[in-house]
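Presented below is the structure to which this report refers.
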Amino acid sequence: MNPEEIVEKFKSKFGAGVLDAKVQTKSGGVSKTQYHFVWMTLERPLLKDAVRFLASEWQPHLSVISGVDLGNILELTYHFTVGWGVRLGEIPVSIRIDLPKDDLTVPTITDIIPGALITEREKQEMLGIKVIGIPDARRLFVPETFPEGVYPWRKDATGVQPEHVKKLWEVGRLKLTPTGQGVAVNVEKAAAPSAPAKKENAGAN
Amino acid sequence: MSGGAEYSVPVGPIHAALEEPVLFNFKVDGERVVDVEVVPGQNHRGVEWMGMQRNPVQVIYLAEKICGICTVCHAYSFVRAVEHISGIESTPRADYIRAILAELERMHSHLLWAGIAAHEIGFDSLLHYTWKVRENEMDLREMITGNRVHYDMFMIGGVRRDIKQDQIPKILETLKYYKDNFEKLGKLFLQDKVIKMRTQGVGVLTKEDALKLCAVGPTARASGVPKDVRQDQPFGAYLDIPVKAITPDALTGEVHGDVYDRIIVRLLEVKQSIEIIEECLKRMPEGPILAEPNITRLLIQLKKAHGEGIGRHEAPRGEVYHYVRMDASDKVTAWKVRAPTYANVMPWVPMLKGQQIADIPIVAASTDPCMSCTDRAVVVKEGQKPYMISGEELHKMSVEKTRRMMA
Amino acid sequence: MNGMDILMAVIGSVLVMLFGIFFGLVFKGIDRVLSARMQARIGPRVRQPFWDVGKLFSKENIIPENAVKWMFSSAPVLGLASSAVMLLYLPLGPLAPVLQGHGDIILMLYLLVIPSLAMVTGGFASGSPYAAVGAQREMVMMMSYEFPLAAVVVSIAWKLNVFGIANPFSITSIASNPIWMNSGILGIIGSAILLVVLIIVTPAELSKIPFDAPEAETEIVGGLLAEYSGRNLGIFYLADAVKTIVMGALLVAIFFPWGIAGIVGLAAGSVGAIAADIAFFLLKLFLVLFVSVTVIRTSFARLKIDQIVYTYWAPLTIAALFGLVLIIWDLNLLGIEWYPQVLGGW
């Protein structure tokens, strides 16, 4: 399998839907053997068909979905690899779609590749996109206490603002307060936590 | 054991069986796991966000700190991605040094894992033996790079330290030590009756599930998926030295996809790594180790770089995938890190369902989730009182040692 | 029993309990050092368990909110008390049991269950899923190792009964008539099998690897003991130390009851003889425990609970019954004239 073949197949299947396609060739070692990467930009509605086509033609492995905030648009890139299992046979195929900021929705591909769930959940919380039909829409890496409407990888007003960034040396150690919910409570020395507070008062006086 | 009411057992975020914070919520019936939910993100550090505030050279050091064990993998992948964007090519000698480092790391990582796996099933003697064997390799890396972990060897366009001629005999000697000990290790792990009882038929991941859930690394290979970046899309020195993905049928003729198969794959990979390092040392060309030794000129060149690149590397745990985008600015525009454990989170579910509670630790550990090993602060000297070294002293000692080595 | 006897029994009990705790902790220390050396480690100092206990007693004692408090707190005391009571029925080298003539080996079988039951009670009372899983496992394990243990005891008592010894179930009788006596070659093989069975039952009684499923720290983070801390955990630790000595003393009493004083020529009953016998007893005790605890726990991985049940119910029960059968054959054959001469008797 060669990279041009993959691009050709996509072009003959989707025609003008393939907005841009390029093959990146690199080499290395003493032998300077070459290897290739395929990059394609598709029209947004074609995403699901393209993944389905990829899955029917080759046996793709989804590595990850990456996303970049480019101002007016969010660029999502689905990184697949095809042709693995043979020496020098594998080619990473990256399929990109652009999402305008006013409509950040994308269909799920978990029905074709179930393993995409993790990375789709991550894109939801990190980029603020909405994956339509995702089987599990909960947060993945970002904690429950993280504020709503803040998306760490965005570079606009919904991204991480300077006030979100805490410098460890400014914040100091967290002062823990007991919640009493299922937390082990010290029966014998229940009065102990109040002792340091008194000391502080004494110092102030 | 069935018929009882189901109840839930949480494992994590902090649990004796886990080396990193992650939470498993188990639904259990008697001793049998009915359902499991994996909740990662107990300690998300926002490394990718931090990377997007830095220039590419600074990100290398950040990438190395993603993981204490996969230091090489993340730095290698990131450096490759940036090299693809900027067009700076690493020198052939650097390619070989990179491969040697990567394989040393694989050896140590697999041995570390083997020890952890033995500990998870309560076989502490094997843990101590494996880690004792691993020490030699740690010393070797200290000799080559100056550090046992986090060796900061990678630079865009090459590596930062050369492997000198007088270091090669020591490397060969260590490799010989491993070859001599390999048979014994293999026998201990693969012939022991109790290890067989605890690992065969446990935590099975079928080939279909491995493909469907995008498993990578030894986890996928043990299920019979011959996927290895060094074979599929080789890079650097691997373009000259052929590597074959190892599946358990190489030893037993069968693929079961259980924990035992994952032990086989990792042990065989240790042997494979020894062979690759020997081959690298034989073929290593002379020449510079950096394409652009002047860091200022390198940064200027990187500032002009524009485009996107993919950096891949076969880490001990599986494929590491870095996507980098640079837009002719002093910062990295986008950086997505896909560590192997990220891809191996979902395969945990079919592996753990239907197992016993007793199998949870070994099955969870069998994908080798990423861990950190940085405890070097306690020094015990035989015959003397044990004493502790503080962080400041350790830093001072490191600086002194580096000076000694530079001299 | 008159007043003096009761007073002596009380003083004796206290002394025996202190003996059990002290040497239990000493053995734990030796066990840790030897195990470490076998694993090419340095290991802690022998006195480390004493420091551990001291530390545990000085730490705060946390009782979980959703625990059944009185049960949770009384379980460790029950465990330690029942372990110590067992010592009162066992001969400690030259010293006769404090409660001699008041109980027999059947009572021991019941008493051996109580520390485990105390831990199960404590586990269920702690209101933690880990402890609950551990408690379930402990109960399953108790049921599984009782069977080979009972088979061993029955074999010994049966043999004593055949020889017409009064009170065949009394531990003193068992100790003064070692099982190896009056045996042909088959009897010695049978007795050796029983010894091996009892050695393998010991780690399960003590919840040591490979039979530590109820406490498995990598699976259920200490299981039964997951919620225990401070003084309560310290008492359980002591109970474990005492129970270790109990199991060792039981093994010694049944299989190796001989003293050394007569052999080295010390007059029976003299202070020197008693001291030598106590030292020899401790040596035997530590050797037996070294084999059944240290060596086994260092050379095996942990078994799963279903594998433990299988191990005790199938191979070990069969082995114990086979040992019994060999002893029966042996005694029947001893009646035949040629057998002791051909195969050698004792």
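Chains as they are written, first to last, in my numbering: chain F, 807 to 1011; chain U, 7 to 413; chain V, 91 to 436.
Yeah, the Cβ is synthetic: ideal placement off N, Cα and C, and Gly gets one too.
- For residue 52 of chain U, there are no C-beta contacts with chain V under 8 Å, since the nearest C-beta of that chain is about 30 Å from it.
- Counted as a single uninterrupted DSSP element, the stretch harbouring residue 365 of chain U is not any beta strand (DSSP E), since DSSP gives it neither H nor E.
- Rounded to whole angstroms, the gap between the alpha carbons of residue 138 of chain U and residue 130 of chain U is 12 Å.
- The beta-bridge partner set that DSSP reports for residue 329 of chain U consists of U/316, U/342.
- With respect to chain F, the C-beta atom of residue 220 of chain U has a partner C-beta closer than 7 Å.
- Relative to residue 827 of chain F, the option among F/862, F/839, F/811 whose CA is nearest is F/811.
- Here DSSP, grouped into helix, strand and coil, assigns residue 164 of chain U to strand.
- Around residue 345 of chain V, the same chain offers 285 as residues with beta carbons nearer than 6 Å, after the five sequence neighbours per side are excluded.
- The beta-carbon of residue 367 of chain U is placed less than 7 Å from the nearest beta-carbon of chain V.
- Residue 302 of chain V is classed as buried because its beta carbon has at least 16 other beta carbons within 10 Å across all chains shown.
- Of the candidates V/227, V/360, V/139, the residue whose Cα lies closest to the Cα of residue 310 of chain V is V/227.
- Separation of residue 209 of chain V and residue 937 of chain F (C-alpha to C-alpha, rounded to the nearest whole angstrom) is 51 Å.
- As the crow flies, the alpha-carbon of residue 53 of chain U is around 8 Å from that of residue 69 of chain U.
- Put simply, of V/167, V/125, V/392 the residue whose alpha carbon is nearest the alpha carbon of residue 199 of chain U is V/392.
- Between the segment 364-374 of chain V and the segment 321-337 of chain V, the count of Cβ pairs shorter than 8 Å is below three; the stretches do not touch.
- Residue environment analysis places residue 341 of chain U among the buried positions, since at least 16 neighbouring C-beta atoms fall within 10 angstroms of its C-beta.
- About 25 Å separates the CB atoms of residue 412 of chain V and residue 261 of chain V; that is not less than 8 Å, and the two are not in contact.
- No Cβ of chain U is located within less than 7 Å of the beta carbon of residue 862 of chain F.
- At a cut-off of 7 Å between beta carbons, residue 305 of chain V makes no contact with chain U.
- In this structure, DSSP gives residue 913 of chain F an extended state, which the three-state scheme calls strand.
- Taking 7 Å as the threshold, the shortest C-beta distance from residue 839 of chain F to chain U falls below it.
- Using a C-beta cut-off of 8 Å, the segment 322-341 of chain U makes no contact with the segment 94-101 of chain U, since fewer than three inter-stretch Cβ pairs fall below that distance.
- Nearest CB-CB separation between residue 898 of chain F and chain U: below the 7 Å threshold.
- Under the three-state reduction of DSSP output, residue 141 of chain V falls in the helix class.
- With a beta-carbon spacing of about 3 Å, residue 114 of chain V and residue 331 of chain V fall inside the 8 Å limit used to define contacts.
- With respect to chain V, the C-beta atom of residue 319 of chain U has no partner C-beta closer than 7 Å.
- Judged by pairs of C-beta atoms under 8 Å, the segment 184-191 of chain U does not touch the segment 879-898 of chain F, as fewer than three such pairs exist.
- Taking all protein chains in view, the Cβ of residue 174 of chain U is surrounded by fewer than 16 other Cβ atoms within 10 Å, so the residue is classified as exposed.
- One finds 23, 363, 364, 366, 367 in chain U with Cβ atoms closer than 7 Å to the Cβ of residue 309 of chain V, taken in chain order.
- Residue range 98-126 is occupied by the alpha helix (DSSP H) that includes residue 124 of chain U.
- Using a Cβ-Cβ cut-off of 7 Å, residue 392 of chain V counts as an interface residue toward chain U, since at least one Cβ of chain U sits closer than that to its own.
- For the 7 Å CB-CB criterion, residue 243 of chain U and residue 87 of chain U do not form a contact.
- Residue 254 of chain U places its beta carbon less than 7 Å from that of residue 271 of chain U.
- If you draw a straight line from the Cα of residue 214 of chain U to the Cα of residue 94 of chain U, it comes to about 40 Å.
- Distance from the CA of residue 146 of chain V to the CA of residue 170 of chain V, rounded to the nearest whole angstrom, comes to 15 Å.
- In this structure, residue 114 of chain U sits away from residue 276 of chain U, with a CB-CB distance that is not shorter than 7 Å.
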